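To start, the structure itself, in structure tokens.
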Amino acid sequence: MPRTAVIAASILLLLSCNSIAKEQGSPVSPLAQTNVGFSGDTPGGLTDETLPLMRGITELYSADRANLRRFYDAPMSNLSGERQIQFLEAWKQTLDGIDFDALDKDGKIDHILLQNDVRYNLRSQEHEQKKHDEIDVFVPFAQVIIDLQEARRRVEKFEPREIADVVSKIPEKVESARESIEEKMKAAEGESPFNRSVANRAARMVDRLERTLSGWYRFHDGYDPLFTWWVAKPYENAQTSLKNYAKFIRKKVVGITDEEDPPIIGDPAGREELLSMLESEMIAYTPEQLIEIAKREFEWCRKEMLRASNDLGHGDDWRAALDHVKNLHVDPGEQPTLIRDLAVEAIAFLAEHDLVTVPELCRQTWRMEMLSAESQKTSPYFLGGEVIRVAFPTHEMEHADKKMSMRGNNKHFARATVHHELIPGHHLQGFMTRRHRTHRRAFSTPFWGEGWALYWEMLLWNKNFARSAEDRIGMLFWRTHRCARIIFSLSYHLGKMTAEEAINFLVENVGHERNNATAEVRRSVSGSYGPLYQAAYMLGGLQLMALHHEMVDSKKMTDRHFHDAILRNNSIPIEMVRAAISGHDLDRDHRARWHFYGQVDVPEEKEDGGS
133 MPRTAVIAAS ILLLLSCNSI AKEQGSPVSP LAQTNVGFSG DTPGGLTDET LPLMRGITEL
193 YSADRANLRR FYDAPMSNLS GERQIQFLEA WKQTLDGIDF DALDKDGKID HILLQNDVRY
253 NLRSQEHEQK KHDEIDVFVP FAQVIIDLQE ARRRVEKFEP REIADVVSKI PEKVESARES
313 IEEKMKAAEG ESPFNRSVAN RAARMVDRLE RTLSGWYRFH DGYDPLFTWW VAKPYENAQT
373 SLKNYAKFIR KKVVGITDEE DPPIIGDPAG REELLSMLES EMIAYTPEQL IEIAKREFEW
433 CRKEMLRASN DLGHGDDWRA ALDHVKNLHV DPGEQPTLIR DLAVEAIAFL AEHDLVTVPE
493 LCRQTWRMEM LSAESQKTSP YFLGGEVIRV AFPTHEMEHA DKKMSMRGNN KHFARATVHH
553 ELIPGHHLQG FMTRRHRTHR RAFSTPFWGE GWALYWEMLL WNKNFARSAE DRIGMLFWRT
613 HRCARIIFSL SYHLGKMTAE EAINFLVENV GHERNNATAE VRRSVSGSYG PLYQAAYMLG
673 GLQLMALHHE MVDSKKMTDR HFHDAILRNN SIPIEMVRAA ISGHDLDRDH RARWHFYGQV
733 DVPEEKEDGG S
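Quick look at the structure:
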């Protein structure tokens, strides 16, 4: 069916849905509303008819959703949640009305991706509400601030004197909440009645509410003389009370003092949420199966590490071999030169083996920055992309920290990291995703983003990129590290491992310096990254290795053709990359079904359920 006919049929169908929706009070379809000039309270805007149908629809969805999230920005707002659900339900209706079979392969993939995103975001709204319900006891005053912010968004007129009365009551409500928390803690007789993770989340929410109130005040302050005259002092008192209350929660309930390195307080997702996320990422395994996969890969790494250790004359003492490699670092001031040379070497290796297309501009325009001492507390190794951010000691570090930073970023670890961060890893990746099927960046996933960079570590191992046993140990350290990430991060979110146990696991089983292990766990569980992010490196890499076996080892594609195709499909779940380049049939209700690692049986846990 021609594209114009598809659009016409879709619009006619959606117009009929719109009529029914108005009668029944159900969500109005985005395209039904916008393409014929409706102006009701529904999402959507005119699609770009110069684009393929599903690309235009995807860009419309992404832009509209971003608009909603910027406008409805009051934290814990019921109105915001309801508006998001209405928006997503309307888009679900729109997608149901599109003739899937009339779409080409790209269109079908985009339809599946968008449908998957809508489903996941609807589930996420429910999960978010549950998380808010858990902290309600800490923030019974939140609605006052929410109402002020939402009135500001509506540009409602008000009497400054009356608003001053409202704001002046915030400290009283905050103090009442504080007293209630203290009473509950006293009644518990030494045992805190509050979960530390939930309390820490509540403290962060108080911070957000304080920032929201501050933004509301700045909007009016100075532009309305009567507002400033009446509200300045009540606002100052409210702001102080909120800041002090957040400190109270952290110190008295969570147990975080003013010490330099506070304890690691994460927020475990739980199995139900992990399963929902895995469904969204199109991973057809359970968290327990993924941990089992990681353990099998870990065993392979250990065998190879022992082989390299023996080659270096350390026998089976792999820790001694690793210690030897860690001490092979450059002197202070020489790290940037090393990184440049390693980047040039990796690019030359790719060209020699005709592995992937590297545009000349991509080759020329990567940059380098150094990580500060403070940044290295959470990012003790390199970070990459168009800018590679390099970890190495700074003069203000303590002596022991300097040595750990040098050992953790030695020459052979760096050789296995630079190509991950630059080319063919994150820099090439970012360069291509900004130029090919850019609408799919809305579906960006770490299983593709981090998985691609980790996949190259695996492939280059198979291509004999390592020049020596020291190089092999450098590559194996990172590969073992990625196995460990799956084990400790998923175990943590399943409630089977604490943060301290995760640190010890990295030190004892991978060989991390303790400071680096602590930084690794802190960034993994503190909320900066999603619960699946750290697992995505190795699992995404394994998916791509399985796809490489299916397409390249079978001689269906060359290495270059295969890798270029992956990059040009942009950052999407790898099961959809497989569909794009393998010719597999697609159906509109696609669910994860690819068992890229084969059958994975999980051994029964011991009765004590130990971690």
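Residues in the sequence shown are numbered consecutively from 133, following our numbering. All residues carry an ideal CB built from backbone N, CA and C; glycine is no exception. Remember, predicted model here, so these are calculated numbers, not experimental data.
Euclidean distance between Cα positions of residue i and residue j
| i | j | result |
| --- | --- | --- |
| Gly516 | Ala523 | 11 angstroms |
| Gln421 | Met502 | 38 angstroms |
| Glu314 | Ile267 | 15 angstroms |
| Pro735 | Ser212 | 44 angstroms |
| Leu280 | Lys365 | 17 angstroms |
| Gln467 | His259 | 45 angstroms |
| Leu482 | Ile555 | 9 angstroms |
| Leu406 | His625 | 8 angstroms |
| Met529 | Ala505 | 7 angstroms |
| His531 | Pro207 | 43 angstroms |
| Leu638 | Gly672 | 21 angstroms |
| Phe545 | Ala309 | 50 angstroms |
| Ala712 | Met536 | 45 angstroms |
| Ser161 | Phe620 | Reliability of the predicted coordinates at Ser161 is poor, the pLDDT of 44 falling under 50, and no value is obtained from them. |
| His352 | Met590 | 56 angstroms |
| Arg382 | Arg567 | 45 angstroms |
| Gly606 | Ala724 | 34 angstroms |
| Ser312 | Phe514 | 46 angstroms |
| Gly581 | Leu674 | 13 angstroms |
| Arg428 | His552 | 23 angstroms |
| Leu410 | Leu345 | 36 angstroms |
| Ala678 | Phe597 | 20 angstroms |
| Ser658 | Arg646 | 18 angstroms |
| Asp249 | Asp356 | 43 angstroms |
| Ile244 | Arg720 | 6 angstroms |
| Thr179 | Asp603 | 52 angstroms |
| Gly322 | Arg328 | 14 angstroms |
| Trp726 | Ser373 | 53 angstroms |
| Ile479 | Val287 | 55 angstroms |
| Val338 | Tyr661 | 21 angstroms |
Reduced DSSP secondary structure (H/G/I, E/B, other) of residue i
| i | result |
| --- | --- |
| Leu515 | strand |
| Ile704 | coil |
| Phe359 | helix |
| Lys488 | Per the sequence presented here, residue 488 reads as Val, with Lys not at that position. Here Val488 sits in coil by DSSP. |
| Trp348 | helix |
| Gln731 | coil |
| His693 | helix |
| Trp593 | helix |
| Ile479 | helix |
| Glu645 | coil |
| Phe326 | coil |
| Gln156 | Unreliable positioning characterises Gln156 in this predicted model, as indicated by a pLDDT of 42, which lies under 50. The coordinate reading is nonetheless provided below. Helix. |
| Gly659 | coil |
| Ser600 | coil |
| Ser714 | helix |
| His625 | helix |
| Asp353 | coil |
| Ala320 | coil |
| Thr389 | coil |
| Pro400 | coil |
| Ala724 | coil |
| Lys687 | coil |
| His461 | coil |
| Lys301 | coil |
| Tyr665 | helix |
Residue(s) in a DSSP beta bridge with residue i
| i | result |
| --- | --- |
| Glu501 | Arg521 |
Rounded Cβ spacing between residue i and residue j (contact assumed at less than 8 angstroms)
| i | j | result |
| --- | --- | --- |
| Gln539 | His461 | Here the sequence assigns Arg to residue 539, which means Gln is not the residue at that position. Correct: roughly 7 angstroms between the Cβ atoms. |
| Leu246 | Leu227 | 6 angstroms |
| Ile618 | Met670 | 6 angstroms |
| Ser703 | Phe575 | 7 angstroms |
| Ile396 | Ala631 | 4 angstroms |
| Trp588 | Gly557 | 6 angstroms |
Jot down the residue ranges of each uninterrupted beta strand (DSSP E) in the region 517 to 591, minimum 3 residues, whole runs only, in chain order. 519 to 522
I'd like the ranges of any alpha helix (DSSP H) spanning at least 4 consecutive residues and lying wholly in the region 206 to 290. 210 to 228, 237 to 267 and 274 to 285
Identify every run of the alpha helix (DSSP H) within the region 405 to 456, keeping only runs that are complete inside it and at least 4 residues long; order them along the chain. 419 to 443
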